[in-house]
Amino acid sequence: MADIAAVTDADFESTVLKAEGPVLVDFWASWCGPCRQLAPILEEIANEKEGALTVVKMDADANPVTPAQYRVTGLPTINLYYQGELVRSIVGVRPKSAILTEISEFVA
């Protein structure tokens, strides 16, 4: 079972930007209702794509630098990073099938 680890401003570069494969980052906050709706969907994706995709979450309130750097203005925002670059950004809750379609170019 895949574990969705938390990432911080301090370890974002090493965990996300320098990762071997694609990394899906969930920018969320504890007060965000839609973020809670999205969490089980991302857990399913993490389990289904384990080994092909890393899924991490970042508390945007506790880590303001990275969301500001990537212009995250609404929560939840899911960003897909590949080879150190932001390649997809999805704002708001989407069905699992829509998320998988968005990231399919980078995730086997």
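Sequential numbering from 2 applies to the sequence shown in this note's numbering. Glycine included, every Cβ here is placed at the ideal spot set by N, Cα and C. These numbers were taken from a predicted model, which means no experiment stands behind them.
For the options E106, I5, A20, S15, the alpha carbon positioned closest to that of F28 is the one of I5.
Between T9 and the set V26, E21, G93, the nearest pair of CA atoms involves V26. Contact between V94 and L54 fails: their C-beta atoms lie close to 19 Å from each other, not under 8 Å. In the DSSP annotation of this structure, the continuous segment of the alpha helix (DSSP H) that includes S98 starts and ends at 97 to 104. Counting the other CB atoms within 10 Å of its CB gives P41 a total below 16, which places it among the exposed residues. In the structure shown, A7 adopts extended strand secondary structure according to DSSP, grouped into three states.
The Cβ atoms of S90 and T102 do not sit closer than 8 Å to each other.
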